[in-house]
Amino acid sequence: MSGQMRPACSVWLLLVCLVLYSRLKVAASAPTCTNGQAGCHVLSLANLFDRVIQHSARMHGISNDLHSEFELYFLPSKNQIGRVSRNCHTSTILTPNGKENAQRMAREELTEVILKLLVAWGDPLWHFHQSLAHNHEFSNFSSNKSLEMSDMVHELRKGVQKVIEKMKMLGIIGNSLGGLGSSESLLAPVSAEWRLMKDYDLLYCFRRDSSKIQNYLKILKCRIVPEHGC
Amino acid sequence: MLWKECKSCLFILHGFINVCFNASPPGKPALIGCRSPDKETFTCWWTPGSPGGLPTVHRLYYHRAESKDVRECPDYTSGGSNSCYFDKSQTTLWVEYELTVVATNALGNATSNTLRIDVMNVVRPYPPKNVVLQVKQSNDNPYLFIGWQSPLNKTKTYGWVTIKYQLRVRPEKSKEWKIYDTDLQRNFSLHTVDPKVTYEVEVRCALDHSTWSEWSTTASIKIPGSSQKDRLLWVLMLVSLIPLLTAVCALVVKRNSVKQCLLPPVPGPKIIGVDPRLLKSGRAEDVVSALFGNQKLANMKARTEETEEFISVSDSRDWLLPDERLSEKVRSLIIPNSFVFGAKTQSFELEKAADGKENPVLDRSSSRPGDGRTPLSPAPELQSLRASKDAASRSAGQCPAHSYVDIPTPEDCRTPEATSDDYSRVKGVHGEDVLLEEERVPPCPDAQIQPANVASDYSRVAEVNSDTTVLLQNLPVCKERQHHDAGWTVGKKPEPPGTEVSTGSSTQLVGSGYVDSVPNFC
């Protein structure tokens, strides 16, 4: 009788251990907060926002540097008359042009605008980097920056998508942004006009758009997760 | 009539001249630039051209890049003179503005250059306000606390504006600034400050990636010098000085005893049983008594006679003395054979004394506490005696310390002595009694100090009695310091000593009668 009991006991013990271990693992990996607990998730959403905002600030900084560098290279007159007004390929995207306009915009709309911009710049920046890398006129410094810029756009887009998911999960925004997951729906209105743009104009346009992205994200964050400093 | 016509003519001419020579169309104005301090409004400035003499009006026209709608500046006053202020409703970000200024006067107008700006590119805040400096203490170390205020009026911007700050610090005399970034904080604590140094601080700010503002007005502050540590140090130093001072005072007050402690008087050599003073006296009898001392007491002959004596001095060797006593005395002067000084001429005199007259000179010397009798004789015995006595005095060495025995000082010594005050002279020893002399010697005034050239080895001659006799004098003038004993006089019999030979004494007076406890070494 005791001989049978012993292996059975050990097997039982092993099972218990395994269950406990798996539980612990689950507990460590996922937060113990449930959907209903607002405090738990709001904190993480704020963190996400902070990271995303930091990222966008850095991206805008790099675009600023590159643009200044190109200005030195080409020395175009800043105030020249008669220059063809730049037509950025993202001009079709309606963006709020001021603080009030941005605040008046709905969260979903604002979020959508951010995402559209990010999606629109993915490809052009990649190609820009390629052209810089192959062109030996430009220094390695510029080439590295363009690559960094291109990567950042992609990273930022992913980050913003995560934020959207989080917000959807929290019920902050509705599910109207149904088609945001696929980038094709966003790219369609944006034509391939960017291929016609010169490098300098492209940089000028991107500098403007990265500034927009940074400001919109900050407005959005203060609206959704208000904290000290908003 | 003609006059009226002339008047109108002149009037027209005057107007024409005015117009032609003083007025002109306005000069071309120039747009300087624009600035947005808060990302919501912006202001543009221009400089007018030459005035042209007539009142000129400037107007700013603008249109946004994508539209052709030209508008005029909404506000010419809020930004100051020659400016145009765009408020929130007029400001559009991320859009290019094209601005132009037109100057107009009665004679014409002038258009400025066109300025293309994007408001986001001309964002530049004003410097921070109210920079405050405070010196605070942290664990007895001073540190500088710097505080300031945002240049923007509104504190809540809803995330639209993120302001970051930068400050720079330098000591007053240095030319190099040290820059610190404080990001969003509106205060800063600087711990690397030195006391007693004046520091200058300036702050500036920026909105996100905008251009930095100008540096604020310089604020300066002096870090106070003394800290608690310094004060404590001073207190400790003062406290530690007090015992030091008291010690020094005590030393000064008691310097004499300290001197005695540190430099104790060195005793002279002392042989037991030998009286060093007698050795020094130089007289034969003294020497003998010093060496043989008490052993020869039995042979002593008490001398009861007076201290008066005289010596007959003659050239020849075989002089005869009428007085038996005198010859005895003289003989007694002869040094006994056992006492050798090393003088050459002593040999024969020793022989002379060999017949048993071993009278020590102790009896003589005991009746006279002093000595200093100096023979004058050219006689060989006395010569030798003198020589030997001198030798004795020399060999005897230094003066004795006063602390041991009250012995009068020998001739060569100049030590002042108080013996004359403390002692009486022995007239003589009669059996077991010692007869003391009465004090007849008056105290010495200082005026009677003898000239130094009088040698101490000689006595003055009182008178010449005969061809063969010279009477010497050694009268005691006074009781003060005397190298020579005032006990015996030569020649004149009992007369008061001070009358005749007041100046004849060869005594030397030294000092004025006080005792110096420190021994003098001659």
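If you read the sequences in order, they're chains A and B.
Using the UniProt record's numbering, the letters of the first sequence map in sequence onto residues 1 to 230.
Using the UniProt record's numbering, the letters of the second sequence map in sequence onto residues 1 to 522.
We put the CB at the ideal spot given by N, CA and C, even for glycine.
Exercise for review: Give the straight-line distance between the Cα atoms of Q161(A) and T157(B), rounded to the nearest whole angstrom.
Suggested key: 26 Å
Review point. Does the Cβ-Cβ distance between V101(B) and L152(B) come in under 8 Å?
Key: no
Check your understanding: Alpha carbon to alpha carbon, what distance is there between G171(A) and K218(A)?
Key -> 20 Å
Check your understanding: Are L99(B) and Y143(B) closer than 8 Å when you measure CB to CB?
Key -> no
Check your understanding: Which chain B residues sit within Cβ distance under 8 Å of K116(A)?
Key -> What K116(A) touches in chain B: nothing, since even the nearest Cβ is about 15 Å away.
Check your understanding: Is it buried or exposed for E176(B), if we count other Cβ within 10 angstroms and need 16 for buried?
Key -> exposed
Review point. Just by C-beta distance, which residues in the UniProt domain "Fibronectin type-III" (127 to 226) of chain B are closer than 9 Å to chain A?
Key: K156, T157, Y158, G159, W160, V161, T162, L184, D208 and H209
Check your understanding: How about T91(B): is its C-beta nearer than 8 Å to some C-beta of chain A?
Key -> yes
Point to revise | Contacts of G159(A) in chain B (Cβ-Cβ under 7 Å) | key: Here the premise fails: no neighbours, minimum Cβ distance about 17 Å.
Point to revise | Under 8 Å from the C-beta of W94(B): neighbouring residues of chain A | key: T95, N97, R208, S211 and K212
**Study point:** Residues that S138(B) bridges to, as DSSP identifies them
**Key:** N141(B)
Point to revise | Own chain, CB closer than 8 Å to V70(B), minus 5 neighbours either side, in chain order | key: Y61, Y62 and H63
Exercise for review: Name the one or two DSSP bridge partners that A84(B) has.
Suggested key: Note that residue 84(B) corresponds to Cys in the displayed sequence, not to Ala. In the DSSP output, where bridge partners are listed per residue, C84(B) has C44(B).
Practice item. For chain A, find out if any of its Cβ atoms is closer than 8 Å to the Cβ of K68(B); answer yes or no. Key: no
Practice item. Give the range of the alpha helix (DSSP H) segment to which Y165(B) is assigned. Key: Counting along the chain, Y165(B) falls outside any alpha helix (DSSP H), though it belongs to the beta strand (DSSP E) covering I163 to P171.
Practice item. For F88(B), decide whether its Cβ has a neighbour in chain A, counting only Cβ atoms nearer than 8 Å. Key: Note on identity: in this sequence residue 88(B) is Lys, with Phe being the wrong assignment. Yes, its Cβ sits closer than 8 Å to a Cβ of chain A.
Point to revise | chain A contact residues for M120(B), given Cβ-Cβ distances below 7 Å | key: S211
Review point. What residues of chain A sit near E40(B), judged by a beta carbon separation below 9 Å?
Key: G98, K99 and E100
Check your understanding: Which partner residues does Q149(B) have in the DSSP bridge list?
Key -> K129(B)
Practice item. Compare the Cα-Cα distances from T41(B) to each of L93(B), A284(B), K280(B) and G147(B) and report the closest residue. Key: L93(B)
Check your understanding: Given 8 Å as the limit, is there contact between the segment 70 to 83 of chain B and the segment 129 to 141 of chain B, that is, 3 or more CB pairs closer than that?
Key -> no
Check your understanding: Taking Cβ positions only, does H60(A) come closer than 8 Å to chain B?
Key -> yes
Check your understanding: For the candidate residues R23(A), L125(A), L94(A) and G159(A), whose alpha-carbon lies nearest to that of R63(A)?
Key -> At residue 63(A) the sequence reads Ser, which differs from the Arg that was named. S63(A) has its Cα closest to that of L125(A), out of R23(A), L125(A), L94(A) and G159(A).
Check your understanding: Can the beta-carbon of A206(B) be found less than 8 Å from the beta-carbon of P125(B)?
Key -> yes
**Study point:** When E100(A), V225(A), F128(A) and C205(A) are compared against T92(A), the one with the closest alpha-carbon
**Key:** C205(A)
Exercise for review: Using a Cβ cut-off of 8 Å, pull out every chain B residue sitting near I224(A), in sequence order please.
Suggested key: Near I224(A) there are no residues of chain B at all, since even the closest Cβ is about 10 Å away, more than 8 Å.
**Study point:** Collapsed DSSP secondary structure at T104(B) in the structure displayed
**Key:** strand
Check your understanding: My guess is that L54(B) and N105(B) are in contact by the Cβ rule of under 8 Å, so how many angstroms apart are they, rounded?
Key -> 4 Å
**Study point:** Whole-angstrom distance between G268(B) and L279(B), CA atom to CA atom
**Key:** 13 Å
Review point. What does C230(A) reach in chain B if we use C-beta pairs closer than 9 Å?
Key: K156, T157, Y158 and G159
Review point. What's the gap between the Cα of N215(A) and the Cα of W160(B)?
Key: 6 Å
Point to revise | Buried or exposed (CB count within 10 angstroms, at least 16 for buried), T47(B) | key: exposed
Point to revise | Residue-level contact to chain B via CB, K221(A), 8 Å cutoff | key: yes
Point to revise | Euclidean distance between Cα positions of D65(A) and A46(A) | key: 29 Å
Review point. Would you say K218(A) reaches chain B, if we count a Cβ-Cβ gap shorter than 8 Å as a contact?
Key: yes
Practice item. Please classify A23(B): does DSSP put it in a helix, a strand, or coil? Key: coil
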